[in-house]
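S.K.: First the structure, which I've put down as structure tokens, then a few questions once you've had a look.
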Amino acid sequence: MANPVDRYRSTHLQIRKILTPYTARLCPKCAEPCCRKPTKVREFDVLIANACGCSLPSANESVTEMVNAGMQSIAGGSCEKDEMEPCDYLGEKGCLFPDDLRPFECTRWMCSFLRREMKPGDMRQIRDLLHKLGVLHRTILDATDPRRSGR
Ligand code: SF4
Ligand code: SF4
């Protein structure tokens, strides 16, 4: 049986295959594009992509921005969508992460536009695949972080 990283990558690809026809149609004309700061990128996403041959910069800044946005929200502040800067990992041709190693939380997040458009059969498949992706994500995290597995 393939190892968890290979299965994680192939599950990403299966998800992307279902989503691409929808995102290709919806994203270019989206009124509220989601690849903006604070992003959902975690250091794990960068580390696993780099271990598989990418050379992406650290996500520490993304995490700091996310914490700052959370603190601002707790304090009652907000930021208008069109004031938010694009994600640092958004290139001219889209996300700089490879399709099979997109950040876990970016992949998991289904926007309201997608949810509204998606055929029920596709939605069912996506739910099953996201569940599988979550299990594999935890397995890899546990294997790479001794604190999580109690070793
Ligand atoms: S919010 Fe949805 S439709 Fe808009 S850019 Fe993001 S994924 Fe595409
Ligand atoms: S990492 Fe990629 S998918 Fe996630 S917000 Fe940035 S550009 Fe979008």
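In the numbering used here, the protein residues as written are 244 to 394.
Note that CB positions come from ideal geometry on N, CA and C, so glycine has one too.
Keep in mind the model is a prediction, meaning the values are calculated, not measured.
1. Per DSSP, what kind of secondary structure is residue 279 in: helix, strand or coil?
2. So if DSSP puts residue 338 in a beta bridge, which residue, or which two residues, is it bridged to?
3. Which stretch, first to last residue, makes up the alpha helix (DSSP H) that contains residue 345?
4. Cα-Cα, which of 355, 273, 366 and 376 is closest to residue 253?
5. Per DSSP, what kind of secondary structure is residue 328 in: helix, strand or coil?
6. Among 274, 259, 273 and 301, which one has its Cα closest to the Cα of residue 350?
7. Taking only beta-carbon atoms, is residue 288 less than 8 angstroms away from chain C?
8. Taking just the CA atoms, how far does residue 368 sit from residue 261?
9. Since residue 382 and residue 247 are thought to touch, with beta carbons under 8 angstroms apart, how far apart are those beta carbons, to the nearest angstrom?
10. Which value, in whole angstroms, describes the spacing of the CA atoms of residue 249 and residue 286?
11. Would you identify the three-state DSSP class for residue 301, choosing helix, strand or coil?
12. For residue 246, does the three-state DSSP call read helix, strand or coil?
13. Between the Cα of residue 281 and the Cα atoms of 362, 348 and 380, which residue gives the shortest distance?
14. Using three-state DSSP, classify residue 364 as helix, strand or coil.
M.R.: Let me spell this out:
1. strand
2. 333
3. Here residue 345 belongs to no alpha helix (DSSP H), and DSSP marks it neither H nor E.
4. 376
5. coil
6. 259
7. The displayed structure is made up of one protein chain only, and chain C is not part of it.
8. 8 angstroms
9. 5 angstroms
10. 19 angstroms
11. coil
12. coil
13. 348
14. helix
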